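The structure under discussion appears below in the form of structure tokens.
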Amino acid sequence: TGRARLAAAFCAAAFVSVAQAYTFEYRIVERIGNTDHVLPSNDIHVRPGSARRLRIQFRVVPDGPEDATAGFLAWNVGTITTTGGINSRTAQPPNPNPRGRLAPFFSAGQATAEGAPLVDPFTEISAIDVALIIRTLPWLCGPDGLPLPQPAVPEPYGRGEFVSVFEITSIATPATYTITFAGNLIAGRDYRTIVCNPPECGDPQTPGDDMPSSCDYAPRPYPPQPFSLQLTIQPLCGEWNNDYVVNSQDVFDFFQSFFAGDADVNSDGVTNSADYFAYIIGFVRGCR
5 TGRARLAAAF CAAAFVSVAQ AYTFEYRIVE RIGNTDHVLP SNDIHVRPGS
55 ARRLRIQFRV VPDGPEDATA GFLAWNVGTI TTTGGINSRT AQPPNPNPRG
105 RLAPFFSAGQ ATAEGAPLVD PFTEISAIDV ALIIRTLPWL CGPDGLPLPQ
155 PAVPEPYGRG EFVSVFEITS IATPATYTIT FAGNLIAGRD YRTIVCNPPE
205 CGDPQTPGDD MPSSCDYAPR PYPPQPFSLQ LTIQPLCGEW NNDYVVNSQD
255 VFDFFQSFFA GDADVNSDGV TNSADYFAYI IGFVRGCR
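Residue numbers are given in our numbering: position 272 of the sequence shown equals residue 276, and the series is strictly consecutive.
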């Protein structure tokens, strides 16, 4: 298709050869509900057996107002390597394979773009391809029966503000472990018009006879830059209420969860006396 040819042309095109006019910044956040919580120093203390949703975020910080106006474009040849935990891709339900990419970074269509192998839980995945290439904007008719002005170039993602691109969930194990994200990052210098056809506008007195159209925009990419970011996950036995401090309040909160049938400490799918003993021993003895 034309769209596929455009994407292929993007991949084969020479990168813009200019002095670097931006920097990349990246971080890992914990997703709780609909809120992202930054993990200071890329370190987190968690209760063994607890599941944590983790997202990697990127942003492009331009040197000036005319630099990197297409923002963040891609994380490719990506890898995630773990030394512990039970780790899965959880951006969306499997369909049929695990999915870690977050909208709108779905331009790469190969099966391995979500990371290979396509099996969860994983220890290491590679070939991750998080990308936003062709941007399509609608071109509509106005109420006077004439085309509206051509759509302006798209607003960038990840320019000055962090954007989440990939999510995993890690179930913590009793020993300290790490999760390392690596690969190449690509920023865009600007967007250029590729295809842009005006709509065919009918009689303004006849609703529904307009034929809307669209405009395709492609970015001019800067050269890729390698990156690596490691998160350390440390056990905090006896912790229950996710305030990262172990004290008597954790015990009281555990009892509330236990009597509500929601204290599956040993992750066997049920709450019973085995969970009670597992938690109390962890609280008294710590992670030993």
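Where is the CB? At the ideal position from N, CA and C, for every residue including glycine.
Note that the coordinates shown come from a computational prediction; the quantities given were computed from them, not determined experimentally.
For T275 and G290, the gap between their C-alpha atoms comes out near 21 Å. Between D40 and R59, the C-beta spacing is below 8 Å. Secondary structure of R35 (DSSP, three-state): strand. A straight-line Cα-Cα distance of about 13 Å links G89 and S271. Residue range S277 to R289 is occupied by the alpha helix (DSSP H) that includes A278. Beta-bridge partners of P239 (DSSP): V50.
With fewer than 16 other Cβ atoms inside 10 Å of its own Cβ, F256 counts as exposed. Within a 10 Å sphere around the beta-carbon of P108 sit fewer than 16 other beta-carbons, which makes this residue exposed. The C-beta of V288 has fewer than 16 other C-beta atoms within 10 Å across all chains shown, which makes the residue exposed.
In terms of Cβ geometry, I84 and I172 form a close pair [threshold 8 Å]. When the Cα atoms are used, G146 and P208 turn out to be separated by approximately 8 Å. Rounded to whole angstroms, the gap between the alpha carbons of S277 and P52 is 18 Å. Per DSSP, the continuous beta strand (DSSP E) segment holding F62 begins and ends at A55 to P66.
Taking a C-beta distance under 8 Å as the contact criterion, V169 and Y195 do not qualify as a contact pair. The straight-line gap separating the alpha-carbon atoms of A264 and N245 is approximately 15 Å.
Nearest C-alpha to L150 among R56, P228, P216 and F231: P216.
Each residue's CA atom was taken as its position, placing A95 and G206 some 42 Å apart.
Looking from the CA of Y226, the closest CA among L77, L152, V50 and D254 belongs to L77.
Taking the Cα positions, Y161 is about 44 Å away from S252. By the C-beta density criterion, V64 is buried, having at least 16 other C-beta atoms within 10 angstroms. DSSP places Q253 in the helix class (H, G or I) of the three-state scheme.
Linking D268 to R31 through their CA atoms gives a straight-line distance of about 31 Å. Beta bridge pairing from DSSP links A112 with no other residue.
DSSP, read as helix, strand or coil, puts S271 in coil. Classified as buried, F258 has 16 or more neighbouring CB atoms from the shown chains inside 10 Å of its CB. Here DSSP, grouped into helix, strand and coil, assigns E204 to strand.
Comparing C-alpha distances from F126 to each of F110, S111, A135 and R103 shows the shortest one belongs to R103.
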